[in-house]
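Counting in UniProt numbering, the final residue of the first sequence is number 290, and the numbers go up one at a time with none missing.
Quick reminder that beta carbons are idealized off the backbone N, C-alpha and C, glycines included.
All values reported here derive from a predicted model rather than from experimental measurement.
Here the structure is laid out as C-alpha cells; the discussion comes afterwards.
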Amino acid sequence: MDLARPDLRPDPSLSRDEMEALQREIAAAATFDDEHALDPAAVAVEEAASLADGLPPARDDAQEQLGTGAAGASTGTAADADAPTVVGVDQAFLTDRGEDRPDAAVSAAVALRGGSVVEYASATTPLSIPYIPGLLAFREGEPILAALDTLDTEPDLLVCDGSGRIHFREAGLATHVGVLRDVPSVGVAKSLLCGEPDESTAERPEGWRTPVRADDAVTTAEPGTAIGHAFQSRQYPNSRRVNPLYVSPGHRVSAERAVDLVEALCAGYKLPEPTRLADAHAERVKRNAE
DNA sequence: GCGACAG
DNA sequence: ATCTTGTCGC
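Here it is, written out as C-alpha cells:
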C-alpha cells in the first residue's frame, strides 16, 4: 500500500517517549483547516439503514449505471455514483475462551456513497500493544490501515471511532490514520479524553453543539484553543438522557467542518451512519469467526 | 502520591 | 473494548 507518510509509521518497538514524540510529529503534519474539506451536503445521509434484518447489501454502481435492473426502478442514481465516498471504521475484539485479554482485533471499513453502502471490508489482526489512554492509535492504527488496504474504493473522508485533535498531543486515532494516508478524516468519540466544553453538556436538545477547548492536559495547544465540539446527535423528547458525541478534526478539516460533516452523516441515531454500519460489520465478522 | 484519561 | 436480562420510553 502507498502510505502518504511512511516516515511517520510507528515502529512496533517504540518506547513510550518515542511514541509521544511521533505523535507530536504527526500533529505537526496534520492540517486543521478546510482547504481540502468536503461539502457536508455532498455526503449527507438521508435515511438510516435498518439493521433489524442484518446489514444492507452493497450496491453495485457499475450495474446500476448500465441499467441492469428494471427500467427506472433502481434507487441508485448517476449523482450517487459521483458522490464522494465516506468510509466508516470501527473495531471489535476477539477473546479466546478462558482468556481475559483480547488477542485479536477485527477492523471493519464500510464505504458509503450517496447514502448507501458500496463496499464492505475487514481485516483480523493479532494485538500486540495494550490500550493506553493517549496511545490508542498505536494499538488500533495498524489494524485499521490493514482493513483500509483491502478496500477497492478510495476514501474521500474517513470517520474514525475515537478522538482526532481532542488529544493530549492533538494526534488521536483519527489524526494518526488521516495523516498516514493523507486523507481527510474526523474523529467521533463517545466520551471526552481531554479538553473542556464551553457549556455544560447536560440535557441538551438534538442538534445542539458547543466547542471543546484545550485545557492544561493538551500539551501542544494554547489553552482555550477550539479543538473539537460536543455534539448532541440524538435526544429523546422526555425522560432518558442521551450523552453527546465528541467530534474533532482528524486531518484536512476544521473543528467546525468536522461537526457539520458528522451532523450530515447522522440519520436518526446517535452514531453517524458510517460508524453505525462499521460497528455492525465488525460485529458480524467477529461472530462469524467464533 | 493522587488525579485522570478515546477504545 | 468485553461480560450480559430486563426494562423503561419512544
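Do residue i and residue j have their CB atoms nearer than 7 Å?
i	j	result
residue 122	residue 137	no
residue 40	residue 264	yes
residue 182	residue 30	no
residue 209	residue 34	no
residue 92	residue 278	no
residue 48	residue 119	no
residue 174	residue 197	no
residue 262	residue 106	no
residue 185	residue 248	no
residue 55	residue 280	yes
On the three-state DSSP scale, how would you describe residue i?
i	result
residue 167	coil
residue 36	coil
residue 219	coil
residue 86	strand
residue 125	strand
residue 144	helix
residue 325	Because the chain spans 1 through 290 in this model, residue 325 falls outside it and cannot be assessed.
residue 55	coil
residue 132	coil
Between the alpha carbons of residue i and residue j, how many angstroms are there, rounded?
i	j	result
residue 50	residue 142	30 Å
residue 76	residue 223	Low confidence applies to residue 76: its pLDDT is 45, below 50, so where it sits in the model is not reliable, and the reading given next is rough at best. Approximately 47 Å between the Cα atoms of the pair.
residue 36	residue 99	45 Å
residue 70	residue 60	Low local confidence applies: a pLDDT of 39 at residue 70 is under 50, so the model's placement there is unreliable, and no value is given.
residue 131	residue 148	21 Å
residue 253	residue 116	23 Å
residue 272	residue 232	12 Å
residue 368	residue 44	The question about residue 368 has no answer, for the chain in this structure spans 1 to 290.
residue 226	residue 127	34 Å
residue 246	residue 192	6 Å
residue 17	residue 52	46 Å
Since residue i and residue j should fall inside the 8 Å C-beta cutoff, what is the C-beta to C-beta distance between them, to a whole number of angstroms?
i	j	result
residue 157	residue 38	6 Å
residue 274	residue 88	3 Å
Given residue i, which residues of its chain have a CB within under 8 Å of its CB, disregarding the five upstream and five downstream residues?
i	result
residue 203	241
residue 199	210
Among the residues of its own chain, which have a CB less than 7 Å from the CB of residue i, if the five just before and after it don't count?
i	result
residue 215	194, 195, 196, 223
What does a CB cutoff of less than 6 Å around residue i pick up in its chain, not counting 5 residues either side in sequence?
i	result
residue 266	233, 272
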